[in-house]
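To start, the structure under review is shown below, and the notes come after it.
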Amino acid sequence: MWVEIVLLFVLVLVYAVLRDRRPRNCPPGPAEIPFFGRLPFFDEETGENLRKNYGNIVMYRTGTIRSVFLFDYDTAKEAMARLEFADRPDFFTTFSLDDQKLGGVISSNGVHWQHDRRFVLRNLRNLGMGKNHLEEAINIEGKALVEDLKKYGGEAINYPDSFRTVALNIIWQMVASTRYDLRSKEVETIYRMTNEFRENFTPLMLLPSFIPALDHLPKSIKNYLFKDDIFDRFVEEMKNVVNEAVDKHLEDYDPDNPRDLIDEYIKDMKENEGDDNSLFRRGALNQIVNDLFGAGSDTVYNMLKWVTYLLARYPEYATRMQQQIDAVVPRDRMVSLDYKPSLPLVEAFTVEALRYSSLAVYNAQRSAHRDTTINGYFIPKGTMIQVGNYSIHHDPRYWDDPHKFYPERFLDDSATKYTAPNIGFFAFGSGRRPCAGELLARMELFLFTAAIIQHFDVIPPKGVVLSQKDIVNLGGLRTPADNKLIYRPRN
355 MWVEIVLLFV LVLVYAVLRD RRPRNCPPGP AEIPFFGRLP FFDEETGENL
405 RKNYGNIVMY RTGTIRSVFL FDYDTAKEAM ARLEFADRPD FFTTFSLDDQ
455 KLGGVISSNG VHWQHDRRFV LRNLRNLGMG KNHLEEAINI EGKALVEDLK
505 KYGGEAINYP DSFRTVALNI IWQMVASTRY DLRSKEVETI YRMTNEFREN
555 FTPLMLLPSF IPALDHLPKS IKNYLFKDDI FDRFVEEMKN VVNEAVDKHL
605 EDYDPDNPRD LIDEYIKDMK ENEGDDNSLF RRGALNQIVN DLFGAGSDTV
655 YNMLKWVTYL LARYPEYATR MQQQIDAVVP RDRMVSLDYK PSLPLVEAFT
705 VEALRYSSLA VYNAQRSAHR DTTINGYFIP KGTMIQVGNY SIHHDPRYWD
755 DPHKFYPERF LDDSATKYTA PNIGFFAFGS GRRPCAGELL ARMELFLFTA
805 AIIQHFDVIP PKGVVLSQKD IVNLGGLRTP ADNKLIYRPR N
């Protein structure tokens with residue numbers, strides 16, 4: 355009797371293992387532990403090792419989810435343009451403030467994504483994105499940033515919160531008609547929670563997203579193992595910020611005088627009241643506002659950290675850019691976009707910073723909404739697709755000496771004209787879901803960088819030598835560690 359029971363158990367186990375294994379003709383990848391796969395990863399070294407061992411298309415499994423990593427530019431560009439890879443994975447809804455988990459521009463899919471993205475792009479354009487008075491707004495923040503850095507009196511400081519606030523103020527004025535003081539206590543809590551979340555991030559924190567059964571563990575255990583409490587506090591703070599902004603707009607809404615994106619959405623929401631099929635909902639609005647709050651401040655903030663780190667590490671470039679700026683821009687005037695053609699090294703410096711930093715080591719995940727193929731490999735429905743930005747940006751097929759910071763790669767032979775990259779560049783994504791704020795981000799990065807270079811020498815404290823060891827990876831975000839730098843006003 356016991357022999358039969360053991361034999362039946364073994365047969366069931368073997369059957370389950372066989373059904374659990376990787377489907378035939380899928381991309382190559384590391385061996386999978388049955389029912390578990392392998393721990394998730396977000397660092398560039400693991401990705402580069404996978405590429406070295408298995409090639410440019412690699413399958414990797416964690417829990418119930420298989421991912422395919424694309425490390426080749428041409429393959430990634432072609433895949434990201436395909437309709438079957440336009441969706442986000444289901445776990446993106448974990449971060450949604452929408453009660454129905456359907457709205458927004460980052461985590462949504464299908465008709466909800468198309469609807470909300472069109473609304474956001476149309477209204478941001480109407481509110482100034484890409485227009486001259488937006489440049490004026492950026493330079494107002496640039497002046498405020500210069501004055502804020504001067505207040506430190508040349509002392510060595512960590513990357514200031516004002517780097518994030520100047521970027522937030524640009525988008526937040528279009529979204530909510532609000533401008534924060536650069537040292538505002540109102541947003542200090544959000545910055546602190548964001549930093550706490552990233553500094554405590556480990557791959558274990560996302561295991562419940564890959565293994566749904568873990569989500570049923572007692573809250574105390576999840577807090578201990580996956581730091582759920584940190585994530586919950588972060589989400590709660592964002593809910594407070596978003597709800598306060600939307601509630602205030604609902605209270606003083608004037609249909610004849612819409613001020614910003616929130617008012618425009620409320621207008622459409624009220625006009626569609628009673629329509630059960632309308633996609634204009636309070637929950638979707640909350641998520642749109644949340645998306646723009648984060649996207650509008652976080653990327654530029656971290657890129658300004660990279661800019662100042664690189665200025666301090668490579669002072670020869672800072673000197674050359676200061677000479678270029680001083681030759682064409684009066685010292686009492688901020689750099690404007692009109693001067694950009696005369697400042698090719700400044701533009702080349704910012705674009706090389708985007709490539710060299712590879713701030714997002716991997717592009718935001720997509721999901722295959724049906725069975726399909728990539729370069730002849732079978733890709734099952736539900737597979738996550740991730741592009742290795744770092745690997746593409748450091749691929750010697752596209753870049754000479756890719757691990758060297760070298761802005762001249764974006765200048766012509768005479769070094770008098772900027773030349774844009776036409777291959778091997780993935781900083782803003784590609785295909786059907788590129789970064790909606792690319793134009794705004796490029797404007798901000800150029801003008802804020804020029805403002806810092808024009809007014810300061812950025813140097814490390816005496817005796818401090820900056821090196822590659824100063825770069826850290828915080829949950830897939832590649833950024834300089836919090837080294838103190840000196841912002842010394844120029845005479």
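Remember, my numbering sits 354 above the position in the sequence shown when you count from 1.
The beta-carbon is built from N, C-alpha and C at its ideal position, and this holds for glycine as well.
These figures come from a predicted structure and were not determined experimentally.
Next item on the list: Going by CA-CA distance only, name the one from 538, 689, 727, 623 that's closest to residue 378.
Entry: The residue given as residue 378 occupies position 24 in the sequence shown. Ranked by Cα distance from residue 378, the first of 538, 689, 727, 623 is 727.
Next item on the list: State the CB to CB distance for the pair residue 834 and residue 825, rounded to an integer number of angstroms; the pair is presumed to be in contact (CB under 8 angstroms).
Entry: For the purposes of this step, residue 834 is taken as residue 480 along the sequence shown, with counting starting at 1. For the purposes of this step, residue 825 is taken as residue 471 along the sequence shown, with counting starting at 1. By a beta-carbon distance limit of 8 angstroms, residue 834 contacts residue 825. Their separation comes to about 6 angstroms.
Next item on the list: Rounded to whole angstroms, what's the CA-CA distance from residue 430 to residue 741? Just pull it up for me.
Entry: On the sequence shown, residue 430 is found 76 positions in, with the first residue counted as 1. On the sequence shown, residue 741 is found 387 positions in, with the first residue counted as 1. CA-to-CA, the gap between residue 430 and residue 741 works out to about 6 angstroms.
Notebook entry, point to check: Looking at the unbroken alpha helix (DSSP H) that takes in residue 811, where does it start and where does it end?
Noted result: Against the sequence shown, residue 811 aligns to sequence position 457. For residue 811, no alpha helix (DSSP H) segment is defined; the enclosing uninterrupted segment is the beta strand (DSSP E) at 810 to 813.
Item checked: Cβ neighbour criterion (16 or more within 10 Å) applied to residue 769 -> Here residue 769 refers to the residue found at position 415 when the sequence shown is read from its first residue. Only exposed fits residue 769, as fewer than 16 other CB atoms lie within 10 angstroms of its CB.
Item checked: Alpha-carbon spacing of residue 730 relative to residue 544, whole angstroms -> Position 376 of the sequence shown, counted from the start, is the residue given in the question as residue 730. Position 190 of the sequence shown, counted from the start, is the residue given in the question as residue 544. Looking at the two C-alpha atoms, the distance is approximately 45 angstroms.
Item checked: Beta-carbon proximity check, residue 837 vs residue 780, cutoff 8 angstroms -> Along the sequence shown, one-based indexing puts residue 837 at 483. Along the sequence shown, one-based indexing puts residue 780 at 426. Contact flag unset, no.
Check: What residue range is occupied by the uninterrupted alpha helix (DSSP H) comprising residue 744?
Finding: Here residue 744 refers to the residue found at position 390 of the sequence shown. Here the alpha helix (DSSP H) through residue 744 covers 743 to 747.
Checklist line | Contact set for residue 371: own chain, Cβ-Cβ below 6 angstroms, skip 5 residues either direction | finding: As a working mapping, residue 371 is identified with position 17 in the sequence shown. Here the model assigns residue 371 a pLDDT of 44, short of 50, so the residue's position is not dependable, and the following value carries that caveat. For residue 371, where only same-chain residues beyond five positions count, the Cβ hits under 6 angstroms are 388.
Next item on the list: Tell me, to the nearest whole angstrom, how far the beta carbon of residue 850 is from that of residue 700; I am working on the premise that it is less than 8 angstroms.
Entry: Residue 850 falls outside the range modelled here, since the chain spans only 355 to 845, and no answer is possible.
Margin query: Give me, in chain order, the residues of the same chain whose beta-carbon lies closer than 7 angstroms to that of residue 408; leave out the 5 immediate sequence neighbours on both sides.
Written below: On the sequence shown, residue 408 is found 54 positions in, with the first residue counted as 1. Excluding residues within five positions, the ones whose Cβ falls inside 7 angstroms are 382, 383.
Check: Cβ of residue 497 within 8 angstroms of Cβ of residue 688?
Finding: In the sequence shown, counting from the first residue as 1, residue 497 sits at position 143. In the sequence shown, counting from the first residue as 1, residue 688 sits at position 334. Yes, the pair counts as a contact, with Cβ atoms nearer than the cut-off.
Check: Per DSSP, what kind of secondary structure is residue 371 in: helix, strand or coil?
Finding: Along the sequence shown, one-based indexing puts residue 371 at 17. Caution applies to residue 371, whose pLDDT of 44 falls short of 50 and renders its modelled position unreliable; the model cannot decide the point.
Margin query: Does the stretch 742 to 756 come into contact with the stretch 668 to 684, if we say contact requires no fewer than three beta-carbon pairs (one atom in each stretch) closer than 8 angstroms?
Written below: Counting Cβ pairs under 8 angstroms, fewer than three are found: no touch.
Item checked: Reference residue 397, options 745, 774, 433, 439, closest by Cα -> Reading the sequence shown from its first residue, position 43 is the one you call residue 397. For the residues 745, 774, 433, 439, the minimum Cα distance to residue 397 belongs to 745.
Checklist line | Among 454, 386, 455, 452, nearest to residue 421 - alpha-carbon criterion | finding: Position 67 of the sequence shown, counted from the start, is the residue given in the question as residue 421. Minimum Cα-Cα distance from residue 421 among the listed residues 454, 386, 455, 452 corresponds to 386.
Check: When DSSP labels each residue in this structure, what does residue 655 get in the three-state scheme?
Finding: Residue mapping note: residue 655 aligns to position 301 of the sequence shown, counting from 1. Three-state result, residue 655: helix.
Check: Given 8 angstroms as the limit, is there contact between the stretch 760 to 767 and the stretch 438 to 455, that is, 3 or more CB pairs closer than that?
Finding: Not touching, per the Cβ criterion.
Item checked: Whole-number beta carbon distance between residue 489 and residue 797, since they are thought to touch under 8 angstroms -> As a working note, residue 797 is residue 443 in the sequence shown. As a working note, residue 489 is residue 135 in the sequence shown. Cβ atoms of residue 797 and residue 489 come within 8 angstroms of each other, at about 7 angstroms.
Item checked: Close Cβ partners of residue 607 (< 6 angstroms) along its chain, the five nearest in sequence each way excluded -> Here residue 607 is taken as the residue at index 253 of the sequence shown, counted from 1. Same-chain partners within the cutoff: 620.
Check: Would residue 615 pass as a contact of residue 708 if the rule is Cβ separation under 8 angstroms?
Finding: One-based indexing of the sequence shown puts residue 615 at position 261. One-based indexing of the sequence shown puts residue 708 at position 354. The answer is no: Cβ separation not under 8 angstroms.
Notebook entry, point to check: Is it right to say residue 600 is buried, meaning 16 or more other beta carbons lie within 10 angstroms of its own, or is it exposed?
Noted result: Residue 600 sits at position 246 when you count from the first residue of the sequence shown. The residue in question, residue 600, is buried, as its Cβ has 16 or more Cβ neighbours within 10 Å.
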